[in-house]
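Notes to accompany the following structure.
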């Protein structure tokens, strides 16, 4: 049986779906359009409705190293353009082969984001939040009506800390490169009269599980009292960031309530740690909530943290702690010896106290930093440690988590990295100490509070 010849329709593409056609097609192979129903084109000159201009030449692809596994790509700054609002797109150099040039908050010793470390881990790509800067609002193209007072007081948009060009939308993502911006808790700073604190996520952790509370108040006699609380969430527990925040807030509030009433600072510190423990305990599931009130393992892995604090008041330096966060005393006169004022609740400290190892052997063991005391519903027994000192000379109190003291463990080591003007510039000095830990590798969250302790020459006493 012979096939009937297929008439030619004279169309290059289907009128229904624009699918390419062959001269002998009777129906579109994509959408089934009946090509015989297409009216014949009128004879006459071709009059295109859209003028075809000269195509814009695309620049040649950048050269590629023959040994590289990545393909050659174009980057946003290679061609001029405008954004959806009609503004010129920013032009900037984009690098994919290494770290961007160091800026104000960068640390020379830190590896490039995303590059492997000597231990084989990969650093998080999120940039240091301290590099964030404020961007001026985009210039208006036409005069606008006066904005309401509330709108006029709105802060300027924030520049992306990754590409340094795009503005950050309200959801926390860059409108230019899409990079999620650091969370507020990734880097925190606070300075008050007589105390300052800095906390940083570090270079390895995806969030900051440390927290602090710093404040000042007055005693009944009108003399000042300054306090600093630092808490370190236990990463192996659930919601460690919530635990540290709850503990710091509760301890700080307890001290602010007790000291003005005339409670002795050492007693006030003990009560503050108990209040912090109760706050962390409350984060665990309530009995009966999951029908497991008789389960002996119900509180296993409950939210937990360590705590350390100091109060400077009435010529006394009071410290309190549970866990392995520490307090150091660094005198202004560096010819006199510094001191560590706390003892860790840790496996290494227990081995040294029992005489089974010396300090060097204990802290070289992989179990060294396993803590034996913490705040949390699954802790063995709350045993707050407190001590009171009366320094006979001026100095600075360093309250910190192990994210710092791992890089300056001994009292002499800590004294070497504390700036000489720490008593006069506590915030700057806290920033320097955090930078020291970041330069050392930033393996953990880093938090430090500095409290200057001043002794008047005529009021000096003995310890």
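Residue numbers (my numbering): 42 to 504. Quick reminder that beta carbons are idealized off the backbone N, C-alpha and C, glycines included. As the structure is a prediction and not an experimental result, all values here were calculated from the model.
In the three-state scheme derived from DSSP, where H, G and I count as helix and E and B as strand, residue 297 is classed as helix.
Beta-carbon to beta-carbon, residue 487 and residue 274 are separated by about 13 angstroms, too far to satisfy the 8 angstroms threshold. Within the region 240-286, the runs of beta strand (DSSP E) at least 3 residues long that lie entirely inside it are, in chain order, 251-259 and 265-274.
In this structure, residue 344 sits away from residue 456, with a CB-CB distance that is not shorter than 8 angstroms. In this structure, residue 235 lies away from residue 264, with their beta-carbon atoms at least 8 angstroms apart. The beta carbon of residue 375 lies closer than 8 angstroms to those of 456 and 461 in the same chain, with the five residues before and after it left out. Between residue 359 and residue 259, the C-beta gap is not smaller than 8 angstroms, which leaves the two residues out of contact. Counting only runs of at least 3 residues, the region 409-495 fully encloses the following beta strand (DSSP E) elements, listed from N- to C-terminal order: 426-430, 436-441 and 487-494.
Contact annotation: the region 288-304 touches the region 350-357, with at least three C-beta pairs closer than 8 angstroms. By the criterion of a C-beta distance shorter than 7 angstroms, residue 325 is surrounded in its chain by 340, 343, 344 and 418, once the five residues flanking it on both sides are discounted.
Here residue 477 is buried: its Cβ has 16 or more other Cβ atoms, across all protein chains shown, within 10 Å. Pairing residue 270 with residue 425 gives a Cβ-Cβ distance that is not under 8 angstroms. By the Cβ test, the region 432-449 is in contact with the region 360-370, since at least three Cβ pairs between them sit closer than 8 angstroms. Counting along the chain, residue 223 sits inside no alpha helix (DSSP H), nor does DSSP assign it H or E at all. Taking all protein chains shown into account, residue 280 has 16 or more neighbouring C-beta atoms within 10 Å of its C-beta and is therefore buried. Secondary structure of residue 228 (DSSP, three-state): strand. Leaving aside the five residues that flank residue 483 on each side, the residues in its chain whose CB is nearer than 6 angstroms to its CB run, in chain order, 243 and 244. One thing to note: residue 301 has its Cβ no nearer than 8 angstroms to the Cβ of residue 357. Apart from sequence neighbours up to five positions away, the residues of its chain that approach residue 423 with a beta-carbon distance below 6 angstroms are 318, ordered along the chain.
Ranking 463, 312, 493 and 321 by CA distance to the CA of residue 420 puts 321 first.
Per the DSSP secondary-structure output, residue 75 pairs in a beta bridge with 68. Judged by beta-carbon spacing, residue 405 lies beyond the 8 angstroms limit of residue 387, meaning their Cβ atoms are not closer than that value.
Under DSSP, residue 345 takes part in a beta bridge, and its partners are 417. Per DSSP, reduced to three states, the secondary structure at residue 321 is helical. According to the DSSP secondary-structure assignment, residue 359 is paired through a beta bridge with 352 and 429. Taking residue 226 as the centre and dropping the five residues before and after it, the same chain places the C-beta of 249 closer than 7 angstroms to its C-beta, in chain order.
A distance below 8 angstroms separates the beta carbons of residue 208 and residue 216. Residues of the same chain with a CB within less than 8 angstroms of the CB of residue 72, apart from the 5 flanking positions on each side, are 55, 57, 58 and 60 in chain order. Taking C-beta atoms under 8 angstroms as the contact rule, residue 463 and residue 445 fail to qualify, at a distance of about 14 angstroms.
DSSP, read as helix, strand or coil, puts residue 393 in helix. Within the same chain, Cβ atoms closer than 6 angstroms to the Cβ of residue 296 are found at 268, 309 and 313, the five residues on either side in sequence being excluded.
Counting only the Cα atoms, residue 229 lies some 16 angstroms from residue 202. Residue pairing for residue 233: DSSP places it in a beta bridge opposite 236.
Taking a 10 Å sphere around the C-beta of residue 448, we find 16 or more other C-beta atoms and assign the residue as buried.
As the crow flies, the alpha-carbon of residue 472 is around 11 angstroms from that of residue 232. With distances taken between CA atoms, residue 276 lies nearest to 412 out of 262, 412, 398 and 495.
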